[in-house]
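K.L.:
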């Protein structure tokens, strides 16, 4: 692979040693057409920490230090991946969620800030740290149950996902975070999905909810690198998972138990109507930090 040096905004031949400062400048310039300046800088800092093992302050102090040949090779490989629109989290293998560093891969969705808001809602609803039984359906990286277990160590937390790769990664994350969680590989759409589950006080899910017709309008770093099974639903039945999980929750939630969903911004009213039709009480819709309908909570009568 042809290697380049970056001097300001322009690539030049590989002549001089690459310093930490020039590497960062070259990286942000190279990806500037893909991201705005702030996001490019954030990506640059994440990648340079991954390559050098140094935090931002140490990189400032040692800005004129040369990258080693191994670090330079990793830099070039990572830059090529970024230009192919691979997410920075897949390059570093890590992502942050609710103050926790988690492993990620192409087997799971990269945790989103909107999902942090869902966790925040749940925790604020129950400030007494209850010793309850909880289930997260479609757990992916395990970000939701791990964050909740950190705050509710006495809770008995279960997590389900159809993907063996997701279950494997989530199990590793739970081990690294010292958060014992009961993981179950199961398709929630299966008629047998509830058989292994106990009675529950809370069920949470951020299920697939993007209609297939929206795929073409999405960024390549999402559609090419994140698992489609965790993203898309048939155009003919966009509420497929909400309907199934609502029925499972009627079977497994104790009276007064709560169901929390992350939702597609366009289907807030539809999800609320579905839950009300199934007999849930106190159905509430909440917006995210961007003012979009994003979360629904309901109570089993």
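Numbering (our numbering), first residue to last: -12 to 288. Idealized CB from N, CA, C, for every residue including glycine. None of these values were measured; they are calculated from a predicted model.
Do residue 14 and residue 33 have their CB atoms nearer than 8 Å?
P.N.:
No, the pair does not count as a contact, with Cβ atoms beyond the cut-off.
K.L.:
Please determine, among 198, 78, 202, 115, the residue with the shortest C-alpha to C-alpha distance to residue 253.
P.N.:
198
K.L.:
Tell me which residue opens and which closes the alpha helix (DSSP H) that residue 292 is part of.
P.N.:
Given that the chain is displayed from residue -12 to residue 288, the structure contains no residue 292 and the question cannot be resolved.
K.L.:
Between residue 225 and residue 196, what straight-line distance do the alpha-carbon atoms span, to the nearest angstrom?
P.N.:
6 Å
K.L.:
Ends of the beta strand (DSSP E) at residue 145?
P.N.:
Element bounds for residue 145: 143 to 148.
K.L.:
Mind listing, in chain order, the continuous beta strand (DSSP E) runs of no fewer than 3 residues lying wholly within the region 57 to 109?
P.N.:
You should have 81 to 84, 87 to 90.
K.L.:
Let me confirm a value: residue 128 is counted as buried when at least 16 other C-beta atoms fall within 10 Å, else exposed. Which label applies?
P.N.:
buried
K.L.:
Kindly identify the DSSP beta-bridge partner or partners of residue 280.
P.N.:
Residue 280 is bridged to 274.
K.L.:
Could you give the DSSP three-state label for residue 213: helix, strand or coil?
P.N.:
coil
K.L.:
Can you give the Cα-Cα distance for residue 161 and residue 74, rounded to whole angstroms?
P.N.:
23 Å
K.L.:
Can you tell me which of 112, 27, 202 puts its alpha carbon nearest to the alpha carbon of residue 222?
P.N.:
For the set 112, 27, 202, the Cα lying nearest the Cα of residue 222 is the one of 202.
K.L.:
Does the distance from the C-beta atom of residue 189 to that of residue 244 stay below 8 Å?
P.N.:
yes
K.L.:
Is the beta carbon of residue 214 sitting closer than 8 Å to the one on residue 123?
P.N.:
Cβ distance not < 8 Å, so residue 214 and residue 123 don't count as in contact.
K.L.:
Between residue 43 and residue 271, what straight-line distance do the alpha-carbon atoms span, to the nearest angstrom?
P.N.:
A straight-line Cα-Cα distance of about 42 Å links residue 43 and residue 271.
K.L.:
Could you pull out every unbroken beta strand (DSSP E) segment of at least 3 residues lying fully inside the region 146 to 202, listed in chain order?
P.N.:
169 to 172, 187 to 192
K.L.:
Is there a Cβ of chain D sitting closer than 8 Å to that of residue 209, yes or no?
P.N.:
Absent from the structure is chain D; it holds one protein chain and no more.
K.L.:
Answer with buried or exposed for residue 117, where buried requires no fewer than 16 other C-beta atoms within 10 angstroms of its C-beta.
P.N.:
Counting Cβ neighbours within 10 Å, residue 117 comes out exposed, since fewer than 16 surround it.
K.L.:
Would residue 172 pass as a contact of residue 154 if the rule is Cβ separation under 8 Å?
P.N.:
yes
K.L.:
Going by alpha carbons, who is nearest to residue 18 out of 86, 8, 68?
P.N.:
68
K.L.:
Under DSSP, the beta strand (DSSP E) around residue 123 begins and ends at which residues?
P.N.:
Taken as a continuous stretch (DSSP letters only), the beta strand (DSSP E) holding residue 123 covers 120 to 124.
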